[in-house]
Structure formats: C-alpha cells, structure tokens
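Q: This structure is in structure tokens; I'll ask about it shortly.
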Amino acid sequence: MAKNLLVVESPAKAKTINKYLGKDFTVLASYGHVRDLVPKEGAVDPADHFRMRYDLIEKNEKHVDAIAKAAKAADNLYLATDPDREGEAISWHIAEILRERNLIGDKPLHRVVFTEITPRAIKEAMGHPRAIAADLVDAQQARRALDYLVGFNLSPVLWRKVQRGLSAGRVQSPALRMIVEREEEIEAFVAREYWTVEAEVAHPSQGFTARLSKLDGKKFEQFTITNGDDADAARSRLAAAAQGSLHVTDVGAKERKRRPSPPFTTSTLQQEAARKLGFTTRKTMQVAQKLYEGVAIGEEGTVGLISYMRTDSVNLSAEALSEIRDVIARDYGTASLPDKPNAYQTKSKNAQEAHEAVRPTSALRTPAQVARFLSEDERKLYDLVWKRAVASQMIPATLNTVTVELAAGSEHSFRASGTTVVVSGFLAVYEEGKDSKSAEDEDEGRKLPPMKPGDRVPLDRIHADQHFTQPPPRFTEAALVKALEEYGIGRPSTYASIIQTLLFRKYAEMEGRSFRPTDVGRAVSNFLSSHFTRYVDYDFTAKLEDELDAVAAGEEEWIPLMEKFWGPFKELVDEKAESVDRSEATGARELGTDPKSGKPVSVRLGRYGPYAQIGDKDTDEKLEFASLRPGQSMHTITLEDAIELFKLPRKLGQHDGEEVSVGIGRFGPFAKRGSTYASLKKEDDPYTIDLARAVFLIEEKEEIARNRVIKEWADSDVQVLNGRFGPYISDGKLNGKIPKDREPASLTLEEVQLLLAETGKPARRGFGAKKAAAKKAVTKKAPAEKKPAKKAAAKKVAKKAAKKAVAKKAYVSPHPEPAKPLLTAGKVEVGKKRVIKKPAREDAPF
C-alpha cells in the first residue's frame, strides 16, 4: 500500500491523477457525497443549535470502506475534492468518518485544491496544502439545513392544501414563480396592430431596402399606422411625393468598437451552449465534467482539457493568459493582440470559490488537434470554450456603420443603414450568440452602394406590411439561467438541478425549447406567492444567498443566520396550515352554467390532475367529473371546451351484437366492447375516433390475448406465455426467464417449476404479491449446489451487520464550542446507512 492517500470525487479524475502522482500515492474516489441528512423529520434540530444528523449513503459505502482501508495504511492523507462549497463539505465529511473510525490519529491531513487536472496544476496544489476551510463547510451546511427545513415543513402544507406528493424548495420556488409569472403575462397580453413601410430602392450598383423614418413631417414610430386603410393612404401619399425616385439628403458614417465577451462562467457557458449547441443545462455540465476530469489524447495520455466548470469568476491565470497570447500571435498575427491582457470584472457580487473562468487547460491544444479524440458533444463544447477564451484576449472588432437619409418630397423620408467590419479583431475567432435580433443586427453585414447628398436614386416600389405585437417569450433554459443569475438566485452549481427538479416534479414542461408551467406548477407557485410571499420573493432569496456567501467568506456566523430565518418561517407555516382553504389554494375556477342541466361548471385540481366538474358539492347530490385533455389548462379552458369533456364515454355503435364505446379511465383513453378493453394509441383521440378504428383496436387486443398462452398444464397455475418482450413463464405470482437455447413450447412442467424457483421475480408490484412470492420462494427446497452460495450470503450479511454496528457509534462534534482541528462545522450524528437515490455529485436544492 502506498505511503500517501489522495481522495477525489470522481473515478475518472482519480484515474487521471493517479498517472501523474506515481507509485507513492493511492488515489481513490468518494463518488460524490458520502453522507447526507437522514431522510426524515428531525434531521435538523432547530431547538439544539440546528444539530444535523447524517447517514452514510449506502451506494457509496464500499467506496468509503476502500478509503478507510487505504487511510489506515497511509502515512499522509490528502483530500482533493472539488474547489467549491460542496467539495469542501465532502472533504469535511470524509475527515469526520475517518476520525470517528480512529484512522487519523497524528497523521497529517491536508486539503489540496486545483482547478484543472494537469501535471503542473497537481504539482502546484500538492506543494501548497491547507486545512479544511471551516467557513466554506459552515456555508454548505447552512444551505443544506435551510433547504431541508423549507422542504420538510412547507411540503406537508402543500400536500394538505394542493396535492399529495408535492414539494417546495427554497431556490426552486422563486424559479418556478418566474416561469408562472411569464405565462400569466402571455395570457394577459393583448396584441396591438401596427404597420411598417419600406421603399425598395433600385440603385444602379445595388438594390437595397430603406425603412420609413418620417411621415407628414413627423417621426414615424411603431404605432403611427395601426390599420390597413391608413397604411394604403400613407403609401399612396409617399408614392405621389416621390414621383419615381428618392433624393439623398444626408450620408453619415460612424465607426465603433465592439469588445469581446469575457471567458465563460458556469452560467454563461450554460446559456451559450443552449443557444449555439441546443444543449440542456444538465447536458452541458455532464459534458464539461468529462472534459475537466480527463480525456485520452494520443501520446499525451489522459489529460483534463478544461478548467473547473463551477465558477462565477471571469479571471484567467497569468500562465493561461501567456499561453493564449502566444496562440493569438501565432495563429492570428500580432496585430490581433492587445498591448496588455484584457481584464474583466465579474457581475456576481460574491464570485465563488473557484477563482478562474472556464478555459482550456492549454490553449495550445486547438479544437482541430483534439477533435479526433473526443465525442461529438465533447468536441462541440471544447470548441466553444477554447474559442471564447482565446477571443476574450484579442483586440476589439472595428465596425463602420453608414446611414443614408432619402427624402420623398419635403414631408417624408426613408433611412437605410449598413454595417461592415473594418477590423475583424476577436470576430475572427468567436461571436457571442443572441436570443433575438435587433434592427442593428439585421443591418450588420449589409453594405450600401456609394451615395452622396444630392443624388437621386430610382424607386422601385413602396410596400406596407401588417404586424402584431408579440407577447413576451416563454423562458428557455438559457433565458432562465440568465434571469436567475441577474436576480442573484441560486449559484452556478445549482442552476442545472433547479431546472431538473422543476421538470421532474412536473411543475413545468418543455414545449419546444421553452418552459410551460403545468396546472400543478401554477397551483404551487400561486399558493406560495399568496401565502409565503416573502420566501419566494426574488430580493429576499437573493439576500439570503448573499448572507450564505458571507458565511463562506467568514463574515457571518451560520447559526444566527439560521435562527433569524427559522422563527418567522415556522410561525407562518403553522398559521397557514390551519387558515388556508383548499379551493382557494388549488386555483379552482367557475366557468359558467351547463346549458343542459343548469348546474355550475368549474375546473379544479385533483389528486390525478386538473378536471372539470358539473354541479355544486354543497347543493347537488350527484356531481359529474371529467379530466382535462392533454394541452388544456384549468387557467385558460373555456366553458364550451369544458362541456365537451363530458361527452365521454361515447357510444360509437354496435358490432357483433355488442355496444362499442370509448372513454377515459385511470390509465388513459380506451375502447370497449363487451368485457374487452383496449387502450387507444397515441394518435387516437377519444373525442373523434370512429367505430371502425375502435373495433380494429379491440380485435387486435383480443388476437394478442388468444396467442398469449404458448403452453399450460391442467391442475397447475404455471403457464408459458408470450409477452411484450418475448416468451416467459409465470404462475401468476412469479415470472421467470426462459433459457435462450430452449424452445418455449418444448418445456416440461418440472422444468418450468425449477426455472421459477431459480429465476422467478414477483409478477406484480403490490405489497401482498411481493409477500406471497417471497414466502413461496422460501418454502421451496433449493438444489444442493445452491447451499454454498447461501453460506456465502450469510457470511456477507454478518459482515455487513458488523460494519453497521461500527457505523452506529455516533460522533457528535462539539460545535458551537471550540472544535478540534478540521472539525468545526456543526453538530452531527452518524446513524444507520441508507439508499439515497440521487446523482453522485449534484448540488441540488431540496
């Protein structure tokens, strides 16, 4: 065993670093977080200085054991988890686990940090170790405790008032509010008509288009003309005044500089990858992680291609700047190089702990040189990072804009502009993407023909075009990340997980590349905005983020911050749990009166989603219900559309003497004939499907059922069946596989029973079925050759039980009293292990 142990987060990173450090080092991965709060109430105890109870994460238990084993034999311990709050917390948790297992003792324990995985960066980090930063750990624990307390106290209120299974997050809720408020803006938007007028100029050298700028002696604005009649009249006046040509009255030229964008931060990388590559934020971070951890590059071996990708910083190291400037001089000429490096200021008030922008670890590795070693997605993202970093250190682009004024008589005039690039500068490498184009953008690249005042140019025609103002666009991922960053909500490492949480919880859906809130999402957001206004307020959330950053910087204590938050929050939760009416909370709407029954029609949010209701529960004995169709919203549905929903079930007619109908059940739309039910396909609409199509689906289902049984035996529940994924065996309680080399129809009863005993799994997911299947499996006599396996399994269980007993020896750190070195961030209890189903490294809000 090597004398030195170094722990990182990911196995890919461990593999790369191990090649750099040599035989004196053992490099192991923690596979992300190793402990988390116990998944039940009481994991954070506000009454006891916010004491936090942690469990080992079961899926990482074997990795923790490997680290512990290596630590016992090592002379020196190095913790090299990621250079941010989460990484600092992982190092702290590993140190706590090793200390409670008495594996540290007097051994030196070092925290090392590097923002790129290259031999130079690793050597530099190993030469400058430090202690675990208690302030960063405190900030991470405070953030985790806040998320936990919000989730575990606010979510039950949502269950009772809105719908079971919902959750509220400290950071996800303001993000959801943004999406919902934008949707409400769109619904409230009233389009306005306006007209534009343009002249098609037939200049002998080159035709071009000019926009109307003055009409009847006044400046022409967006809503100067708002109807077709006025547009036709204006066009006639302009044509009469021009008499076939326009008079050049002024030609102006203006030179301007466009400066390059700074190198990428996490959020700008996510935004640009969404705009230019169509990547989701999650995909961007996954691909960036691979580039950071290391890629095999020919004879170079495995090397990290980009620096750490969770950062607010736009700074570049002196070494990186020097190399980038060398590349610019070599590939684009010294004329493209500014006299000194370009410096940028971060927009974030509290730039995170990784102190460099996202950049190539070596600008000498051009995208063309490494492309053959990368996957398509890796190549695209590396190309983006490399070009952005290189362009950031080039001279500005020089643009020349020529503007020409063209008169039509004395009262009217048109304007044309064209912009050309005089000096390309950074534009030779990279130009930032844009969400929308302005008139100036449309003029860029257009070169006007030579003109001077006094010239008359032929007029081809004048045309007027109708337009309508557009509602604000829904948020794309790029736009949402930008908005979150501008408001100061969340931090770079949380943006991807915020978005994933909103989609996973079905609070929002992707419509094309944009977010559309679901009715459940709107109910949650409106409930929180109405009753927990302060806690979804953008400024409050941003201020809390700033305070957490102050904890990380050592400027504020975390327990007083928690106390200031907790008291008012808990008081409000308790009050709202009693006072809020559920109908108000779910956003129920009265639509009008059913013309057939005279009863009220409303839409509501139920256990299985939004539905329409005919009748009043307080006055009517019988109520009618119908689920909303896909794409319908309880916030926009009309009375007419709601009444249409009650046309199901529909009777389509008779076939073979039996009634055929369609309806919608718990598992979706279906067709029915007699006792046979057949699910409709995705392309089938229960409101429009005809009799012939319904009969086809029913008979298709019956044909499948007739051919389902391949073989069966009298006086036995065992059958050989055709399934969705091929033949299998079943006795109704257990399903089993058929060997690939056996013909299903040739199996004997004894063979099937043996196969079920060996490979059978519960046929249903219900608790009773599992219990019955387990009991049956236990009572069956196993073949003799299986006994050794049972003994081995028993030994394994005993070994795990022993480890579990050790793990249950709780360690509670003495915080807030003075703590031992490296152990300064809160009280903890270590309890039993559990399964936490989440990514190995995901900095997610609750």
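Each residue of the sequence shown is one higher than the last, beginning at 440 in my numbering. Cβ coordinates follow ideal geometry from the N, Cα and C atoms, glycine included.
#1: Who are the Cβ neighbours of HIS906 in its own chain at under 8 angstroms, not counting the five residues just before and after it?
#2: Please report the straight-line C-alpha distance between ALA614 and GLU1122, rounded to a whole angstrom.
#3: Is it true that the CB of ILE561 sits closer than 8 angstroms to the CB of ILE496?
#4: Does the count of Cβ pairs from the region 931-944 and the region 604-618 closer than 8 angstroms reach three?
#5: Quick one: grab the DSSP three-state call for TRP1005.
#6: Note down the Cα distance separating LYS1086 from TYR1126, rounded to an integer number of angstroms.
#7: Spatial neighbours of PRO1260 within its chain, please: C-beta separation below 8 angstroms, excluding the five flanking residues on both sides.
#8: Who are the near neighbours of PRO799 in its chain, counting only those whose CB is closer than 7 angstroms to its CB and skipping five residues on each side?
#9: Below 8 angstroms on the Cβ atoms is my contact criterion, and I expect ASP751 with THR720 to pass it. Report the Cβ-Cβ distance as a whole number of Å.
#10: DSSP has GLY1092 in a bridge; who is on the other side?
#11: Who are HIS906's beta bridge partners in DSSP?
#12: Does DSSP classify MET491 as helix, strand or coil?
#13: Whose C-alpha, out of GLY667, GLN909, LYS452, GLN645, is nearest the C-alpha of GLU626?
#14: Just tell me which of VAL753, ARG1028, GLN808 has its CA closest to the CA of VAL797.
#15: Quick check on PRO912: buried or exposed, where buried means 16 or more other Cβ atoms within 10 Å of its Cβ?
#16: Which of the three DSSP states is assigned to HIS502 in this structure?
#17: By a C-beta neighbour count over all protein chains shown, 10 Å radius and 16 as the cutoff for buried, is TRP531 buried or exposed?
#18: Starting from ASP770, follow the alpha helix (DSSP H) in both directions and report where the run begins and ends.
#19: Where are the beta strand (DSSP E) runs, 3 residues long or more, that stay fully inside the region 1024-1093, in chain order?
#20: In chain order, what are the residue ranges of uninterrupted beta strand (DSSP E) at least 3 long that sit wholly in the region 657-711?
#21: Assuming the contact rule is C-beta atoms closer than 8 angstroms, ASN864 and ILE834 should be a hit. Round their C-beta distance to whole Å, please.
#22: Can you grab the Cα-Cα spacing for the pair GLN728 / GLU563, in whole Å?
#23: What do you get for TYR389, buried or exposed, if any count of 16 or more other CB atoms within 10 angstroms of its CB means buried?
#24: Return the chain-ordered ranges of every beta strand (DSSP E) run that is complete within the region 586-647 and spans a minimum of 3 residues.
#25: Smallest Cα separation from ALA917: which of PHE718, ALA572, GLN579?
#26: Consult DSSP for ALA782 and reduce its assignment to one of helix, strand or coil.
#27: Less than 8 angstroms between C-beta atoms, sequence neighbours within five positions excluded: which residues of the same chain meet that for PHE1106?
#28: Give the list of continuous alpha helix (DSSP H) stretches no shorter than 4 residues that lie fully inside the region 794-821.
#29: Which residues share a DSSP beta bridge with PRO1108?
#30: Would the region 680-688 count as touching the region 830-849 if we require 3 or more Cβ pairs under 8 angstroms?
#31: Residues in its own chain within less than 6 angstroms of VAL1245 by CB, not counting five upstream and five downstream?
#32: Here's a check: name, in chain order, each residue in its chain whose Cβ is nearer than 7 angstroms to the Cβ of TYR1116, leaving out the five neighbours to either side.
#33: Should the region 1084-1098 be regarded as contacting the region 1127-1137, the criterion being three or more beta carbon pairs within less than 8 angstroms?
#34: Grab me the residues of GLY1171's own chain with a C-beta within less than 7 angstroms of its C-beta, minus the 5 sequence neighbours each way, in chain order.
#35: Can you give me the Cβ contacts of PHE628 inside the same chain, cut-off strictly under 7 angstroms, excluding the 5 residues immediately before and after it?
#36: Mapping DSSP to helix, strand and coil, what is LYS891?
A: A quick look at the data gives this:
#1: GLU632, TYR633, TRP634, THR635
#2: 34 angstroms
#3: no
#4: They touch, by the three-pair rule.
#5: helix
#6: 8 angstroms
#7: The pLDDT assigned to PRO1260 is 32, lower than 50, so where the model puts this residue is not dependable, and the model offers no usable value.
#8: LEU744, ILE745, VAL824, TRP825, ALA828
#9: Wrong, their Cβ atoms sit about 16 angstroms apart, outside the cutoff.
#10: VAL1099
#11: Answer by DSSP bridge pairing, in chain order: TYR633.
#12: strand
#13: GLN909
#14: VAL753
#15: exposed
#16: helix
#17: buried
#18: 757-771
#19: 1028-1032, 1039-1045, 1048-1053, 1063-1066
#20: 684-697
#21: Checking the sequence, you will find Gly at residue 864 rather than Asn. Confirmed, about 4 angstroms.
#22: 21 angstroms
#23: The structure shown does not extend to residue 389, since the chain is modelled only from 440 to 1285, so the question has no answer here.
#24: 632-640
#25: PHE718
#26: coil
#27: Excluding residues within five positions, the ones whose Cβ falls inside 8 angstroms are SER1118.
#28: 806-809
#29: ILE1103
#30: yes
#31: In this prediction, VAL1245 scores a pLDDT of 38, lower than 50, which makes its location untrustworthy; no coordinate-derived value is stated.
#32: PHE1109
#33: Output reads yes: the region 1127-1137 touches the region 1084-1098.
#34: ASP1156, ALA1202
#35: PRO910
#36: Here LYS891 sits in coil by DSSP.
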